[in-house]
Every structure is written in structure tokens, then in C-alpha cells.
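Residue numbers (the working numbering): 126 to 284.
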Amino acid sequence: MLKPTSLRQALVAALPALHDNPEHLRLTTGSGRVVATLAASLSFEAHYPLTLTLAPFSGELEEVITPLLAWLRVNQPDVMSRAAEQPGAIGWQLTTADDGSQRLEIQLTLSERAIVSQQEGSLHTVWVPEPQEPAPVTRPVELWMKDELVSRQSSPDEG
Numbered sequence: 126m127l128k129p130t131s132l133r134q135a136l137v138a139a140l141p142a143l144h145d146n147p148e149h150l151r152l153t154t155g156s157g158r159v160v161a162t163l164a165a166s167l168s169f170e171a172h173y174p175l176t177l178t179l180a181p182f183s184g185e186l187e188e189v190i191t192p193l194l195a196w197l198r199v200n201q202p203d204v205m206s207r208a209a210e211q212p213g214a215i216g217w218q219l220t221t222a223d224d225g226s227q228r229l230e231i232q233l234t235l236s237e238r239a240i241v242s243q244q245e246g247s248l249h250t251v252w253v254p255e256p257q258e259p260a261p262v263t264r265p266v267e268l269w270m271k272d273e274l275v276s277r278q279s280s281p282d283e284g
């Protein structure tokens, strides 16, 4: 799987407290499940919970959530695009011990695709990253049919 390693790298790079102490970040996957179909290939998706544990933790929640959301936007965009359908996709808990030390746990629900191909009688499995969103499309302002202008709308620049 690609996402736990990618997320670890992103958070260690983004959080100054982890630069010198990356061991303070622990990632644990829970019980996952595989989704496969009777398609021609054996490609599948893995769905799993991932728990990030920061201990000791002495920062503010937004210091961790902001780079996490930036990573999710690229690597698990459905969490953000369907947030209303997935109210539990990002959970967190901050625990303070008697000595005042804190522990932050963040629970995520992730999925990854594995492409399985058959080559010369062998099966090869490769984890693939999320497909990137297409570039924004420029909205057309004119409609032409048979070399004749049918309609014209003002462009956003013309206001």
C-alpha cells in the first residue's frame, strides 16, 4: 500500500515537531476489507482504517489537521468531496495524562487500488496512486453550427 508511507512523509515534512522526532508519529492500520469483482482482471480495492498517533503531542489540533487535509485533497479526495455522506471519515481524540502530556489520535478511512495484470502466465500486482483531477475546463462562450454563430454568452471577464 502507498498511502500510509506517503502520509507519514507529508506530515513529517509539514510538522516542525516531527522533523527531529519522526518516531513520535505512529501509523496503524486496522481491519481492512478487499473489494473485488468478476471483471476480467483480478484488480481490487483495499479499504481500511488508519490511525495516526502523535505522542507526545504539545501543539494545536489545526497544526496537524491542515496538512492532513492538504494530503487528503490529493490522495483521498472522496473524503472531502462527499463529506456529508461520510461524517466519520476523519475522527480524532486528544487525551491528556495525569502528568500533563498529551496524545493525539486521528482516525481516517482510506482506500487504495491495486492493478493486477497477467504477463506470460504470471500475475503482477501494483498499487496505484489516486487519479489526479483533470485541469479546469474553460467554459465556452459561443456556439457555432455549420460555420454559423448560433448563440453567444458573455464571458466571466466581461462581467
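Beta carbons: idealized from backbone N, C-alpha and C, even for Gly.
According to DSSP, is A222 helix, strand or coil?
-> coil
Going by DSSP, what residues sit across from A239 in a beta bridge?
-> F169, W252
Neighbour-count burial assignment, K271, 16 or more Cβ in a 10 Å radius | exposed
For M73: DSSP bridge partner residues = Since the first and last residues shown for the chain are 126 and 284, residue 73 lies out of range.
Stretch pair the stretch 129-140 + the stretch 189-197: three plus CB contacts closer than 8 Å = yes
Could you check what DSSP says for S183 in three-state terms: helix, strand or coil?
-> coil
Local Cβ density within 10 Å of Q218, reported as buried at 16 or more and exposed below that | exposed
Residues near T250 by beta carbon distance below 6 Å, same chain, minus five either side = Cβ within range, chain order: A239, V241.
Quick one: is D145 near chain D, going by C-beta distance under 7 Å?
-> The chain labelled as chain D is not found in the depicted structure, where only one protein chain is given.
Going by DSSP, name the residue or residues bridged to G216.
-> Q232
How about V204 and A214: do their beta carbons lie closer than 7 Å?
-> yes
On a CA-only basis, which of T221, A171, F182 is nearest R151? Give me that one, please.
-> F182
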